[in-house]
Every structure is written in C-alpha cells, then in structure tokens.
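In this text, residue positions in the sequence shown follow this note's numbering: the first is 87, and each later residue adds one.
Glycine residues also receive a C-beta, built at the ideal position from the N, C-alpha and C atoms.
Just so it is clear, the structure is predicted and the values come from calculations on it, not from any experiment.
Inspection log for the structure reproduced underneath, given as structure tokens.
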Amino acid sequence: MKTILIIEDNPKHLRLAATLLGKSGYAVLEATDAEAGLPLARLRIPDLILMDLQLPGMDGLKATGRLKEDPATRGIPVIAVTSYMPEHPQTEILAVGCAAVIAKPYHYKEFLDIIGALLARRDAGNQPGEST
Ligand code: MN
87 MKTILIIEDN PKHLRLAATL LGKSGYAVLE ATDAEAGLPL ARLRIPDLIL
137 MDLQLPGMDG LKATGRLKED PATRGIPVIA VTSYMPEHPQ TEILAVGCAA
187 VIAKPYHYKE FLDIIGALLA RRDAGNQPGE ST
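Here is the structure:
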C-alpha cells in the first residue's frame, strides 16, 4: 500500500483529501503544519507528499525546499496544492522541486489521476531529481 502524507491546515480540505485518498486505497498520514509535517516525512518516508502552500508558520514552498535539501526526503515527490494560483506562479512552485501543482477546490478525477501518474512514474524508476 502506498502512503501519502498530507500537510494541510484547512480542516475541510484535509478531510476531503484524506477521504478521497483513503477510498482509493492509499494509507494517509496527516499534519496541519510544516513544523509537524517535516519530521513526520523524515520518520515515515511516505511515497508522496501533498503540500498546501498556504500554511501557518513555515509556508509550503519553504517546507518543500527543506525536504529537497535533506537526502532522506529528497526523493519523495511533492505535489503543491493551493487555492491561490496567482500568488505563487507555477514556475516558482516547480523551481523549489515540486513535481506538480493541483489547484483547490479539487476536481476528484484530476486529483487522483495526477497522484496515480506520479506514483507510477516513481515505480518505473525514472523520477526526475531522485537521489540514489
Ligand atoms: Mn492552507
């Protein structure tokens, strides 16, 4: 079973994502801020991380940068999720190492398709930027 860590401070968005992923057969880990999510990522090494960009404390871009600096977590694909696309241009989001961006509110099929595609690519062993 694949494990996905959701780092999201909005309880409604967190529940929705966790429910969708759980029903799709993924194991779900949850954190409501980066300060809790980063240590959890290091401890559990999830197969994928959904990272809200607007978080209290450390924001999602900075948190992704931290994950990509750490050899233990560098290889975990991070999908940025945001309700405010114009606030962070997509180029900026991808530049910190996010593999994809998903806009909220979620369109369920697109949401699950993007996640499934990233996990399949990772299984195929050609994830860009993965350390050995
Ligand atoms: Mn948020």
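If you measure from the CB of residue i, is any heavy atom of the ligand MN nearer than 7 Å?
| i | result |
| --- | --- |
| Glu-94 | yes |
| Leu-129 | no |
| Leu-141 | yes |
| Asp-119 | no |
| Asp-145 | no |
| Asp-138 | yes |
Relative to the alpha-carbon of residue i, which residue among the options has its alpha-carbon at the smallest distance?
| i | options | result |
| --- | --- | --- |
| Leu-134 | Tyr-194, Pro-191 and Ala-185 | Ala-185 |
| Ala-113 | Glu-121, Ala-104 and Tyr-170 | Ala-104 |
| Met-87 | Leu-136, Ala-189 and Gly-108 | Gly-108 |
| Lys-148 | Ala-206, Leu-124, Lys-195 and Ala-189 | Leu-124 |
| Leu-106 | Gly-211, Glu-196, Ala-203 and Ala-210 | Glu-196 |
Whose C-beta lies closer than 8 Å to the C-beta of residue i among residues of the same chain, with five residues either side of it excluded?
| i | result |
| --- | --- |
| Leu-115 | Thr-89, Ile-90, Leu-91, Ile-92, Leu-126, Arg-130 and Pro-132 |
Starting from residue i, trace the alpha helix (DSSP H) both ways and give me its first and last residue.
| i | result |
| --- | --- |
| Glu-196 | 194-209 |
| Leu-126 | 120-130 |
Excluding the five sequence neighbours on either side, which residues of its own chain have a C-beta within less than 6 Å of the C-beta of residue i, listed in chain order?
| i | result |
| --- | --- |
| Gly-151 | Val-182 |
| Leu-198 | Ser-110 |
Could you tell me the boundaries of the beta strand (DSSP E) in which residue i lies?
| i | result |
| --- | --- |
| Ile-81 | Past the edges of the chain, shown from 87 to 218, lies residue 81, and the structure says nothing about it. |
| Ala-113 | 113-117 |
So, for residue i: in the same chain, excluding its five sequence neighbours on each side, which residues have a beta-carbon less than 7 Å away from its beta-carbon?
| i | result |
| --- | --- |
| Asp-145 | Leu-139 |
Residue i and residue j look like a contact to me (Cβ under 8 Å); what is the Cβ gap, rounded to whole Å?
| i | j | result |
| --- | --- | --- |
| Val-187 | Thr-159 | Wrong, their Cβ atoms sit about 19 Å apart, outside the cutoff. |
| Arg-128 | Asp-95 | That belief does not hold up - the Cβ atoms of Arg-128 and Asp-95 are roughly 20 Å apart, past 8 Å. |
| Pro-142 | Asp-119 | 6 Å |
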